[in-house]
Amino acid sequence: SAVKGRNAAWFRAVPEMHEGRIWAGGLEKDIAFEDADHDIDDEVDAAYRSKYRRYAGRILNSCLTPEARSTTIKIVPR
23 SAVKGRNAAW FRAVPEMHEG RIWAGGLEKD IAFEDADHDI DDEVDAAYRS
73 KYRRYAGRIL NSCLTPEARS TTIKIVPR
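Plus 22 on top of the position in the sequence shown (first one is 1) and you've got this note's numbering.
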């Protein structure tokens with residue numbers, strides 16, 4: 023989980039792979055991972071709060087820490 027920051031197992035593999043594949047909304051796409059523009063962290067947090075507002079504050083806030091933010095990556099179609 024992103025709560026564990028860059029030490030999370032899923033995140034440690036990202037810099038090594040640089041690419042992957044996603045399935046969303048019936049679409050399958052090859053993608054590349056890039057560094058995120060952290061100037062938009064507040065916007066990402068706002069979207070996350072809006073989507074997951076039904077969860078208790080302590081749960082939601084654990085996903086909005088600087089450590090969790092550090093795992094934000096940009097997904098770019100290849």
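Every residue gets a Cβ at the ideal spot worked out from N, C-alpha and C, and that includes glycine. Quantities reported herein were computed from a predicted structural model and do not represent experimental measurements.
| Query | Result |
| --- | --- |
| Status (buried if at least 16 other CB within 10 Å, exposed otherwise) for A90 | buried |
| Segment contact flag, the stretch 25 to 42 with the stretch 90 to 100, C-beta cutoff 8 Å, min 3 pairs | yes |
| Status (buried if at least 16 other CB within 10 Å, exposed otherwise) for L49 | exposed |
| CB-CB length for R100 against E56, believed under 8 Å | Not quite, the Cβ-Cβ distance comes to about 11 Å (not below 8 Å), so this is no contact. |
| Proximity below 9 Å, CB of I81 to CB of V36 | no |
| Beta strand (DSSP E) runs contained entirely in the stretch 37 to 72, provided each spans 3 or more residues | 41 to 46 and 49 to 57 |
| Rounded separation between Y70 and M39 - CA only | 26 Å |
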